[in-house]
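Every letter in the sequence shown is one number past the one before it in the working numbering, and letter 38, counting from 1, is 35.
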Amino acid sequence: MPTLGKDSQEHYRRQNQDSVHRLLVVNSWEVAKECFTINDKAFSNRPSTVAIRLLGYNRAMFGFAPYGSYWREIRKIATLQLLSNNRLEMLKHIQASEIDMSIRHLYELWVNKTTATASLDQGRPNQVLVEMKQWFGNLTLNIITRMVAGKRVAGVTDEGDDALRCQKAIRDFFHLMGLFILPDAIPFLGWLDLQGYKRAMRRTAKELDCFLEVWLQEHKHRILSSDAIDEKDFMDIMLSILEDSKLPDHNLGTIIKSTCLVCIFDIN
-2 MPTLGKDSQE
8 HYRRQNQDSV
18 HRLLVVNSWE
28 VAKECFTIND
38 KAFSNRPSTV
48 AIRLLGYNRA
58 MFGFAPYGSY
68 WREIRKIATL
78 QLLSNNRLEM
88 LKHIQASEID
98 MSIRHLYELW
108 VNKTTATASL
118 DQGRPNQVLV
128 EMKQWFGNLT
138 LNIITRMVAG
148 KRVAGVTDEG
158 DDALRCQKAI
168 RDFFHLMGLF
178 ILPDAIPFLG
188 WLDLQGYKRA
198 MRRTAKELDC
208 FLEVWLQEHK
218 HRILSSDAID
228 EKDFMDIMLS
238 ILEDSKLPDH
248 NLGTIIKSTC
258 LVCIFDIN
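Written out as structure tokens, the structure reads:
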């Protein structure tokens, strides 16, 4: 289309003038096919942004890791042990359980509202306002974290301080991971943090790592103490698979924590 082609040329020139990174704008299907079939490996890596380095364990997350043996191995484990049809079928009771608890929570809210207002609003139907975006968000997050680490971070009936902190850290992670800040375009200005985004990224990364480390140590302790495990979650499986592996670049703890976090991020 002439209009889109003209716009792409204009943005291409502007971006290449303002950034040290070079861009390639593809506006024909023949070239696009060549890029993603014949030369797919050359285009498989994502750019290393500040958010990916600070929040993604310095690119240990396989979704942001460079293409290579590490990326292939971790992606295979995640695909087979968490996202395969067989694994999802085995864990479908988690979805049913979380939906049941969430619906039960809505009913309890209505009952409490009815009890509290029975004497004031006689003869009027009782209604309860529910923030459905938050309700569905908590439901989805609980399903994912139970599948990944056997944990519920969005309590249905009793949310402690740790659960609220974890929810906030995950929400901040989603927000900050999508930011494109000045050092991403002009790396030699990396020492600048005018808007405080890098500071927020470091704080969020530290907060999430604390939770993931606690979960990891709990899983290790359970394995070492030979406690019976009724059902293995994804963190249990990764510990058993990677126990004797020699993957490059990162230690075992970093690999497991980063992989669990990226699974929560991508699935959610």
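Glycine included, C-beta positions come from ideal geometry on N, C-alpha and C.
- Shown here, T76 sits in a helix according to DSSP, grouped into three states.
- The shortest CA-to-CA distance from L173 to any of L52, N42, L21, S41 is the one to L52.
- Burial check for N139: the Cβ neighbour count within 10 Å reaches 16 or more, so the residue is buried.
- Just so you know, the alpha carbons of D159 and W212 end up roughly 13 Å apart.
- Distance from the CA atom of H247 to the CA atom of Y54, rounded to whole angstroms, is 9 Å.
- Collapsing the DSSP output to three states places I183 in coil.
- At the C-beta level, L258 and I74 stay beyond 9 Å of one another.
- Put simply, of Y64, P44, G60, Q164 the residue whose alpha carbon is nearest the alpha carbon of D37 is Y64.
- In the displayed model, F177 falls within coil according to three-state DSSP, outside both helix and strand.
- The C-alpha of P184 lies about 28 Å from the C-alpha of A29.
- Contact between the segment 103 to 114 and the segment 215 to 229 is absent: fewer than 3 CB-CB pairs across the two stretches fall below 8 Å.
- Q92 and M98 have their C-alpha atoms some 10 Å from each other.
- In this structure, I178 sits near K195, with a CB-CB distance shorter than 9 Å.
- The three-state secondary structure of S242, taken from DSSP, is coil.
- Rounded to whole angstroms, the Cβ separation of I49 and F40 is 17 Å, and the two are not in contact under 8 Å.
- Counting the other CB atoms within 10 Å of its CB gives G147 a total of 16 or more, which places it among the buried residues.
- In the three-state reduction of the DSSP assignment, H247 falls in the coil class.
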